[in-house]
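These notes are about the structure you will find just below.
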Amino acid sequence: MNGTLCGAIDEKLLAKIRSIQIHAKYLVNDAFAGEYESAFKGRGIAFEEVREYYPGDDIRRIDWNVMARTGRPHVKIFHDERELTLLFLVDISASSHFGTVSKFKNEIAAEITALLSVAAMQNNDKVGLIVFSDEIERYLPPKKGRAHTWRLIRDILSYRSKSQRTNFQKPIDFLNTVLKRKAIAFLLSDFQGVDFEKTLRATAKHHELIAVSIQDPREMELPPIGFIELEDAETGESVLIDTRKSFLRTQFTKSVREVRRDQELFFRSAGIDSLYIETDKPYVDRIVRYFREREKK
Numbered sequence: 077m078n079g080t081l082c083g084a085i086d087e088k089l090l091a092k093i094r095s096i097q098i099h100a101k102y103l104v105n106d107a108f109a110g111e112y113e114s115a116f117k118g119r120g121i122a123f124e125e126v127r128e129y130y131p132g133d134d135i136r137r138i139d140w141n142v143m144a145r146t147g148r149p150h151v152k153i154f155h156d157e158r159e160l161t162l163l164f165l166v167d168i169s170a171s172s173h174f175g176t177v178s179k180f181k182n183e184i185a186a187e188i189t190a191l192l193s194v195a196a197m198q199n200n201d202k203v204g205l206i207v208f209s210d211e212i213e214r215y216l217p218p219k220k221g222r223a224h225t226w227r228l229i230r231d232i233l234s235y236r237s238k239s240q241r242t243n244f245q246k247p248i249d250f251l252n253t254v255l256k257r258k259a260i261a262f263l264l265s266d267f268q269g270v271d272f273e274k275t276l277r278a279t280a281k282h283h284e285l286i287a288v289s290i291q292d293p294r295e296m297e298l299p300p301i302g303f304i305e306l307e308d309a310e311t312g313e314s315v316l317i318d319t320r321k322s323f324l325r326t327q328f329t330k331s332v333r334e335v336r337r338d339q340e341l342f343f344r345s346a347g348i349d350s351l352y353i354e355t356d357k358p359y360v361d362r363i364v365r366y367f368r369e370r371e372k373k
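For the sequence shown, our numbering puts the final residue at 373, and the numbers step up evenly by one.
If you want it as structure tokens, here you go:
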């Protein structure tokens, strides 16, 4: 781990953490009532065993493959797996400390993590955290409790990495090492400038992966304000362009939208759910809509 976590938390950060916690609890009680449980509990059924058929068993549960091998009818037995494990993988590389509206992307990531953590806590689920850049910066094993949620928010907001870049391979490998059983993993990042297709596709076969892409409006469109220097926060590379030229602005937006479209196509093909969050728009309605879409599947 190559970053630092502030030991003493200043009053401003402490107030921000408290505000996020209070706001998350209010939203869970108000807008999220029942939504989380319906989305993540409705499919909480795990296979237990195959046993011989008894009169009165549901014939829809007959395992025809076993019956063909043994010559006797067998049924599949399932149990309701109530307790889930959620793990948040949060990108805190240099580009996450960017925002042109009212909040940085890492603040939005902290708020979404808090919101889903409070919902999980009220449903007696465990929540963990991996904070990463191109290294594993911080790991909090899955636990329950309000104090644990506080630590998750604190670490996302206060951790300062010495690294500028992002590498998805490290946190994904770490996830697969520390969690052998299937978990629900929320990957929060801006997904900029990195190759991740092969890594995420493989992991989606073992864990339920949900990609949360957090973007700032200035990363989609450029204002016509004259010469500006665009710098890649992770590589340090920069370029000077004249934003008064409409064709440059149009080309920039077109290029960004093509990247977003390709990412969405990849997520869909890999069986990975995805949410697109913008820092200048409310994210609660988007998450609720996702919950309802998930429940219908």
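Where is the CB? At the ideal position from N, CA and C, for every residue including glycine.
Between residue 195 and residue 104, the CB-CB gap stays under 8 Å. Relative to residue 298, the option among 317, 290, 99, 154 whose CA is nearest is 317. Beta-bridge annotation (DSSP): residue 206 is paired with 165, 215. Between the C-alpha atoms of residue 138 and residue 127 there is a straight-line separation of about 10 Å. Nearest neighbour of residue 177 by Cα position, chosen from 363, 369, 358, turns out to be 358. Put simply, the backbone Cα of residue 100 is about 20 Å away from that of residue 286. Only buried fits residue 204, as 16 or more other CB atoms lie within 10 angstroms of its CB. Under the criterion of beta carbons closer than 8 Å, residue 229 and residue 93 qualify as touching, at roughly 5 Å.
Ranked by how close their Cα comes to the Cα of residue 98, the residues 191, 185, 301 have 191 in first place.
Three or more Cβ pairs closer than 8 Å define a contact, and the stretch 251 to 266 meets that threshold against the stretch 158 to 174. In this structure, the CA atom of residue 208 is about 48 Å from the CA atom of residue 143.
Taking every protein chain shown into account, the CB of residue 193 has 16 or more other CB atoms within 10 angstroms, so this residue is buried.
Of all alpha-carbon atoms in 294, 227, 170, the one lying nearest the alpha-carbon of residue 96 is that of 227. Here the C-alpha atom of residue 336 lies approximately 22 Å from the C-alpha atom of residue 364. Residue 273 is a Cβ neighbour of residue 342, given a cutoff of 8 Å.
For residue 352, the enclosing beta strand (DSSP E) stretches over residues 349 to 354. Per DSSP, the unbroken alpha helix (DSSP H) holding residue 333 starts and ends at 322 to 345. In this structure residue 242 is in contact with residue 270, their Cβ atoms being roughly 5 Å apart against a cut-off of 8 Å. In the displayed model, residue 152 falls within a strand according to three-state DSSP. Residue 355 sits close to residue 290, with the two beta carbons spaced by under 8 Å. If you draw a straight line from the Cα of residue 361 to the Cα of residue 206, it is about 26 Å long. Per DSSP, the unbroken alpha helix (DSSP H) holding residue 234 starts and ends at 222 to 234. Per the DSSP secondary-structure output, residue 127 pairs in a beta bridge with 151. For residue 95, the enclosing alpha helix (DSSP H) covers residues 87 to 106. Listed in chain order, the non-local C-beta contacts of residue 268 below 6 Å within the same chain comprise 171, local neighbours out to five positions each way being set aside. Taking the CA atoms as reference points, residue 303 sits about 8 Å from residue 320. Contact between residue 165 and residue 262 holds: CB atoms are separated by about 7 Å, below the 8 Å threshold. Residue state for residue 180 is assigned as coil, using DSSP reduced to three classes.
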